Amino acid sequence: MTVTERQQLSYIAAQAADARVNLEIETEGMTLNIGPQHPATHGTLRIVAKLDGEQVVSAEPVMGYMHRGYEKLAEVRTYPQVTTLINRIDWLGSFANEVPFILAAEQLMEVEAPPRAQWIRTILFELSRIANITLFLGDMAVQVGAITPVFFAFRDREHVLNQIEAVTGGRFHPNFDRIGGLKDDLPAGWIDETRQALRKIRSFCDQIEELVEGNEIFQARTRGIGVIPAEVGLSYGLTGANIRASGVDWDLRRDNPCGLVYDQVDWKVWTHPDGDSFARFWVRLQETREATKIVDQLLDGIPAGPIMAKVPVIIKVPPGEACVETENPLGMMGYYVVSKGDLFPFRVKIRSASFSNVSITPWLLKGVYVPDIITILGSLYFILGDIDR
Amino acid sequence: MIGVLSELSYWQVTSIRVAAGLGAVLLVAGTLVYVHLFKMVSFMQSRLGPMEAGPYGSLQLMAEIGKFLQKEDIVPRRADRFVFKAAPFVVLASTFLLLVVLPGGPDAWFISNDLGIYLAMAVGSISVIGILMAGWGSASKYSLLGGLRATGQLIAYELPLLLAVVGVVIQAQSMNLQEIVLVQANGEIFGWGGVGNPFIVTQFVGFLIFMVAMQAELTQTPFDMPVAESELVTGYMTEYSGLRFLLFFIGEFATAGVFSAIAAVLFLGGWYVPGLDPTDNLFNVIGPLVLIGKVVLLSFLIFWIRFTFPRFREDQLQRLAWKFLVPLALGNIVVTAVFKVAF
Amino acid sequence: MSSPDTDTLAADAPASDEAAADEAAEALADRLRAALGDALVESCTRRATHWIRVRRDGWADLAGRLRDDEGFKFFNFLSAIDWLPSPFGREMDSAVDNALSPPEPAGPAEIATGAAGGDSRFQLLARVNDPATGRSVIAKTDLPDDDLSAASWVPVYSGADWHEREAWEMFGIDFRGHPGLRHLYLPGEFEGHPLRKDYPLLARRVKPWPGLVDVEVLPEPDEPDRPDQGGASS
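Chains as they are written, first to last, in our numbering: chain A, 1 to 389; chain B, 1001 to 1343; chain C, 2001 to 2234.
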C-alpha cells in the first residue's frame, strides 16, 4: 500500500529537473488567481499562485470572503442562541459543530446529559460525519477529473440526511443539541431505517473503493502528491484524517471522548504511513466505514431514560473557562468558552479544523504542478465556513 | 453517387453535398449528445437526465440551442477580437473537412481521394490551431494554460494516431478509405469470408492505440487537461459564451462522431454489413445508417470512458504517448509489415 | 464530566484519573518553573484542563520548551482575550437580558480575569497538545496596555502564522518576528480591531436585535415541573 521511496524520489527529481530547465531558459513567472470563484475551491477560497510554466513557485491562500465574525456575534447571544450560529461553521456536518460548544457549556455549568442523550448525541455526531465525508469521497474524484462518483455520493448521502432530518427536523442545520441533553427523542421506527441507510453507505464505500481508489489513474494522480511529514503536520496544527494519514495515531474520539460514548463501542482508528493525498483519501474511506460500524453498535444499546437533564429554563453559566475539543468530520474542533456568569459567553474562541488544515498550503504547494494544487486542496478537504468562521 | 450526380449541374451537386455534410455533422452530433451525454451518462450516474422537452427529453438539445442563441456573445475586453471570434469556426471547419473523405456507401461519398486517410489526418490537426487561437485570443490565463496544454497534447497524440493507421494502410494496400472498406468487405479470415475481414481482428493493437489516441485527440477524459473543469475552469473555452460556446460544444461531439466514423471505417468495415454484396445498390441507402450505428457504438466507448475515469496529469499524459503508445505503434507496424510480406 | 452523582457512563474515569492528571500537570509546571525561572507566574488545573501563565518575556522561550523538551508537538490554536467589560453595557444585548440585569457601568475599571489570573486587559492565549500522550496545556501571557506586543511563535510552531495574523487584526497585538503580519480575514483598508470589547457591533447599534420581536415572557427560573426547556428563546 505504500509509495516506494523510489517513486517519491523520482517525483521530486522530476520537479527539480523542471525547475532547472525553467531557470536555464529564463522563463517569466505568471501569477494565477485560483478563486475566489473557482470550481475546485468549494466556495470562496482564493489562492494566489505564482507559476513558472505549470509549476508553482509560491502559493498564498487569501480568505475572508466568507468571514462572518462568529466569535464577535457569539458575545451578544445567549448560550442556546449560539448553536444556531455555529451550525453554519462546517455546514456539511452541522450537528458535530454544536456538540463541543454544548459540552463546554455543560462543563462550566457542571451538568451532564443523561445517558440516553449522550448516546443519541454520539449517533448523530457520527451520522453527520458520514454525511460529511461521503461527499468528500465523491468530490475527491471530481477534483482529479472523474465526474460520476460524486453523483453516487449525493445519492447515498441523502439516506443519511433523511435520518438526520427525521430526528432533528433539519437536513443541514439541525440546531438540536441543548445544554443538558437534546431537544427531542428519536422518532418511532428510526433505528431500523438508520440501519438501512448505513447498509447503503457501506455499499457506497465498496463502490468508491472499486471505482476510485482502485483506479490506476487516480493512484497515479494522488500517490506521492502533497506528502506531509508527521512533524510538519503537527506543527501546523493539522488534525483529523489529514494527520492520521501521516501516521499519527491520534483520534480524540478514542483518546478523549469527553462526554460522548465512544468508549462503549468497539472500533478502530485508521492510520496510513504515507502522508500523501492518496493516504488522506484512504483514511477517510476507512473512517466512513468505521463510523457506520460505530453507529450500528450504538443503535443496539441506546439506554432508556430521559433525554434532558435538569437545567434551569434560563441558562446562566457560572464564571470560568472551559476548553472542549472533539474529533469532528474535518478534524479537531474546539471551543474555548469564557463565561462571566452571564446569559452570554464573554468570549468564544472557535478553533476550527479547516483553518489549521489549510494553513499548511503555502508550505505544501511549493513546487507542485497546477493539477496537483487541485488534488492537494481536495485531499486536505476543507469547508470554507470552517476556515472563515 | 457519381453515377447519379454526374447528370446534375455543379451547383446542384455542391448544394446536395453541403446539405449532406451539414446533416451528417449536425445529426450525428445531436444523436451523440442525446444518446450519450443526456441519457447514457445519466443512467450511469443514477439519474434520469432531461425528461421534459419532447418525449424522454429528446428535444432537449433544441432547447439548449435556443438557450445558447439567446445568450449574449461576450468578448473579453482585452481579447484579440478577431482571433477570439474566429477560433470556434476554425475548430468546426476541421470537423467538416474530416467528413469529406468518409464513404457512406459504394457510391455515396463526397470525394474519393487516393490519399483519403492521409488527408483526414492532416485536416484533423487544424483543430489544434483553432484551440490555440481560442486559448491565446481569450486573454485569460486559464484559457492560455488550456490552449497550451491542448497543443502539447494534440501534437503528442497525433503521432500514435497516425502510426496506428499505418498498419491498416499496409494491410489494405491503399490510403483510400473507400478501398479500405472494400478490402475489409471482400477479405477473408484464413480462407473464411463469412464476415469479410474487419481489421479490428488483425489490427487489434492498432485499434486500441487508435482509440486511446483518439480519446486524447478529442480531449475527453482521461485526457481532458485542456478543458479540466476542476482545474482550469474549462480551459480554452472559459471565456466563450452564447453562440460561440455552442459551436465549441457541437464541435466537440461532432468531432467525436467523425473520428468514430473514421475508426469504424478503418477497423469495423465502415458502411459494410456482412452477408450482403458490397456492390449492392442497397448500401447507398443503408450504408450511412450502418455507419452511424457503428459510430454510436464506438462513441459509446469514448463517453463511457470519459465519465468513468479520472484525468491524467500533463506529464503523465506525455509519458504515456511517447514512452508507451509510440513504441507500441511502431512495433505494430513492423509486425504487420512482416506478416504482409510473409503471407 | 464533573458531577459524580449523575455520572453513569463515565464511571470508569474515576477521580483518581483526574488526580493523576493534576499531578502530571503539577510536575510539568515544576519542570517549566525550573527552566523558565520566575517568568512562569502561575499554574492552575481545573476540570482536567491545565493553564499556565508566563510573563511576556518568557513567552517565546515557553514555546520552545513546550515543543522540544516537553513533547507538545501539536499546535492547537493561538488567540487573545480582551478582559475589558463591554463599555456598551447591555446595550448590545437583547431585551430579555436587559430586563433581568440592569446595564452595567462602562469603563475599564472592573477587569476580572479568568483561570490562572491575569493583570492586564489583553491576555494572549495558546493551546498545545501532545498527541502521543494526550496531554494538553493552555499558555497565557499578559500584555501591557501601552505595548501590545509579544514574541512570535512562528519560529517554533509554523502553524502559529495564521493564528497570529488573526490575533493581530482582531485585537491589534503585534508579534515580533512574525514573517508577515497582513490582514487575514478583513479587507486591507479596514480600521479598528473587531474583537476588542470596545469595538461596537455596528449591526446592533443601527438596528435593534430582531430577537426583540418575538420575545416570550419566560417563566421564573426555578419553576419545578419544566425541566426540559433548555433551549429557551432560541
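In this text, a Cβ means the ideal position worked out from N, Cα and C, and glycines have one as well. Note that the structure is predicted; figures quoted are calculated from it, not measured.
Alpha-carbon spacing of residue i relative to residue j, whole angstroms
{"i": "H2163 of chain C", "j": "V160 of chain A", "result": "35 Å"}
{"i": "G1137 of chain B", "j": "V1083 of chain B", "result": "5 Å"}
{"i": "M333 of chain A", "j": "I86 of chain A", "result": "11 Å"}
{"i": "I307 of chain A", "j": "N162 of chain A", "result": "22 Å"}
{"i": "T134 of chain A", "j": "Q118 of chain A", "result": "24 Å"}
{"i": "T361 of chain A", "j": "E60 of chain A", "result": "8 Å"}
{"i": "A241 of chain A", "j": "T83 of chain A", "result": "25 Å"}
{"i": "E1314 of chain B", "j": "V1341 of chain B", "result": "39 Å"}
{"i": "A146 of chain A", "j": "E2023 of chain C", "result": "54 Å"}
{"i": "D1224 of chain B", "j": "D206 of chain A", "result": "27 Å"}
{"i": "F125 of chain A", "j": "D1073 of chain B", "result": "49 Å"}
{"i": "G2159 of chain C", "j": "P345 of chain A", "result": "27 Å"}
{"i": "V1233 of chain B", "j": "V1227 of chain B", "result": "7 Å"}
{"i": "A2106 of chain C", "j": "Q81 of chain A", "result": "With a pLDDT of only 43 at A2106 of chain C, under the threshold of 50, the placement of this residue in the model should not be trusted; the figure read from the coordinates follows. In a straight line, the C-alpha of A2106 of chain C is about 25 Å away from that of Q81 of chain A."}
{"i": "V227 of chain A", "j": "L2143 of chain C", "result": "38 Å"}
{"i": "S1230 of chain B", "j": "L108 of chain A", "result": "46 Å"}
{"i": "R1149 of chain B", "j": "Q55 of chain A", "result": "13 Å"}
{"i": "I2138 of chain C", "j": "R2165 of chain C", "result": "19 Å"}
{"i": "K1323 of chain B", "j": "A2080 of chain C", "result": "57 Å"}
{"i": "S2086 of chain C", "j": "F151 of chain A", "result": "50 Å"}
{"i": "Q1215 of chain B", "j": "G1206 of chain B", "result": "14 Å"}
Short Cβ contact (8 Å threshold) for residue i with residue j
{"i": "S1127 of chain B", "j": "V1091 of chain B", "result": "yes"}
{"i": "F2122 of chain C", "j": "I2173 of chain C", "result": "yes"}
{"i": "I393 of chain A", "j": "R116 of chain A", "result": "Since the first and last residues shown for chain A are 1 and 389, residue 393 of chain A lies out of range."}
{"i": "F1096 of chain B", "j": "V1028 of chain B", "result": "no"}
{"i": "L2181 of chain C", "j": "F2190 of chain C", "result": "no"}
{"i": "P319 of chain A", "j": "K340 of chain A", "result": "yes"}
{"i": "Q143 of chain A", "j": "A40 of chain A", "result": "yes"}
{"i": "L1291 of chain B", "j": "V1165 of chain B", "result": "no"}
Under 8 Å from the C-beta of residue i: neighbouring residues of chain C
{"i": "K366 of chain A", "result": "Per Cβ cutoff of 8 Å: no residues; K366 of chain A is ~13 Å from chain C at best."}
{"i": "W363 of chain A", "result": "S2158"}
{"i": "V248 of chain A", "result": "P2131"}
{"i": "H42 of chain A", "result": "Those within 8 Å of H42 of chain A in chain C number zero; the least Cβ separation is about 18 Å."}
Closer than 7 Å at the beta carbon, the chain B residues around residue i
{"i": "V57 of chain A", "result": "Under the 7 Å cutoff, chain B gives no residues; its nearest Cβ is about 15 Å from V57 of chain A."}
Chain-ordered neighbours of residue i on chain A, where CB pairs are closer than 7 Å
{"i": "G2159 of chain C", "result": "S235, Y236, G237, S356, S359"}
{"i": "Q1316 of chain B", "result": "A220"}
Contacting residues, own chain, Cβ-Cβ under 6 Å from residue i (five flanking each side not counted)
{"i": "F1249 of chain B", "result": "none"}
{"i": "G2071 of chain C", "result": "D2130"}
{"i": "S128 of chain A", "result": "G93, F95, A96"}
{"i": "F1110 of chain B", "result": "R1017, V1100"}
{"i": "G2064 of chain C", "result": "V2156"}
Residues of its chain near residue i, where Cβ-Cβ distance is below 7 Å and the 5 sequence neighbours each way are ignored
{"i": "S1050 of chain B", "result": "Per the sequence shown, residue 1050 of chain B should be read as Pro rather than Ser. Closer than 7 Å at the Cβ level, and outside the excluded window around P1050 of chain B, lie F1038, G1057, Q1060."}
{"i": "V1035 of chain B", "result": "V1296"}
{"i": "L384 of chain A", "result": "H42, G43, T44, L45, M66"}
Any non-hydrogen atom of the ligand ZN closer than 7 Å to residue i Cβ
{"i": "L364 of chain A", "result": "Annotation note on the ligand ZN: not contained in the displayed structure, which lists no ligands."}
Under 7 Å by beta carbon: chain C residues contacting residue i
{"i": "E71 of chain A", "result": "L2195"}
Partner residues on chain A for residue i, Cβ-Cβ distance less than 8 Å
{"i": "A1228 of chain B", "result": "G145, P371"}
{"i": "F2077 of chain C", "result": "G237, G334, Y336, K349, R351, S356"}
{"i": "F1309 of chain B", "result": "G145, A146, N215, I217"}
8 Å Cβ shell around residue i - same chain, five flanking residues per side excluded
{"i": "L1098 of chain B", "result": "A1120, V1123, G1124, T1255, V1258, F1259, I1262"}
{"i": "H2193 of chain C", "result": "E2169, M2170, F2171, G2172, Y2199"}
{"i": "G275 of chain A", "result": "V227, I228, P229, A230, G233, A245, S246, G247"}
{"i": "F1312 of chain B", "result": "P1222, F1223, M1225, L1320"}
Closer than 9 Å at the beta carbon, the chain B residues around residue i
{"i": "Q155 of chain A", "result": "Note that residue 155 of chain A is Arg in the sequence shown, not Gln. Under the 9 Å cutoff, chain B gives Q1045, S1046, R1047."}
{"i": "I374 of chain A", "result": "A1228, S1230, E1231"}
Minimum C-alpha distance to residue i - residue among the options
{"i": "A1321 of chain B", "options": "B:W1271, B:I1155, B:G1196", "result": "B:I1155"}
{"i": "D300 of chain A", "options": "A:N328, A:T271, A:D266, A:K316", "result": "A:D266"}
{"i": "Q1153 of chain B", "options": "B:L1317, B:F1339, B:N1332, B:T1336", "result": "B:L1317"}
{"i": "R1319 of chain B", "options": "A:G64, A:I315, A:A220", "result": "A:A220"}
{"i": "P273 of chain A", "options": "A:R223, A:V324, A:F101, A:E165", "result": "A:R223"}
{"i": "D139 of chain A", "options": "A:V337, A:D185, A:A153, A:L186", "result": "A:A153"}
{"i": "E112 of chain A", "options": "A:P174, A:E290, A:G259, A:S359", "result": "A:G259"}
{"i": "P329 of chain A", "options": "A:E287, A:D372, A:W282", "result": "A:E287"}
Against chain D, which members of the region 212 to 238 of chain A pass a CB distance test of less than 7 Å? Protein chains A, B and C are contained in the structure displayed, whereas chain D is not.
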